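**Student:** Quick one: the structure is below, questions incoming.
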Amino acid sequence: MAVPKRKTTKSRRNMRRAHDALPGTQVQECPNCGEMKRAHHICGECGHYGDREILETSDIL
2 MAVPKRKTTK SRRNMRRAHD ALPGTQVQEC PNCGEMKRAH HICGECGHYG
52 DREILETSDI L
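Letter 42 of the sequence shown, counting from 1, is numbered 43 in my numbering, and no numbers are missing.
Given below as structure tokens:
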């Protein structure tokens, strides 16, 4: 069984974890109402996805 010869230092541990952070959420303006929404998701304000209406406005309210 493999066992480390030396303790991993905090510096080497942190350098190894430098690429582990999650990227930020991508947001864009809704082409229909202008509100900010997540990319590739239905707009929460108007219910549109691209140029199609997926949810009726009365369902959201």
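Ideal Cβ positions, reconstructed from N, Cα and C, are used throughout, including at glycine. For clarity, every value in this text was computed on a predicted model and none was experimentally measured.
#1: Could you pull out every residue in the same chain whose Cβ sits closer than 6 Å to the Cβ of Q27, ignoring the five residues on either side in sequence?
#2: Roughly how many angstroms lie between the CA atoms of H42 and L23, to the nearest whole one?
#3: Among C31, D21, K11, which one has its Cα closest to the Cα of D52?
**Tutor:** By the coordinates alone:
#1: Working through the sequence shown from its first residue, we reach residue 27 at position 26. A40, listed in sequence order.
#2: The sequence position of residue 42 within the sequence shown is 41, counting from 1. The sequence position of residue 23 within the sequence shown is 22, counting from 1. So the two alpha carbons sit approximately 19 Å from each other.
#3: Translated into positions along the sequence shown, residue 52 becomes position 51. Closest by alpha carbon: C31.
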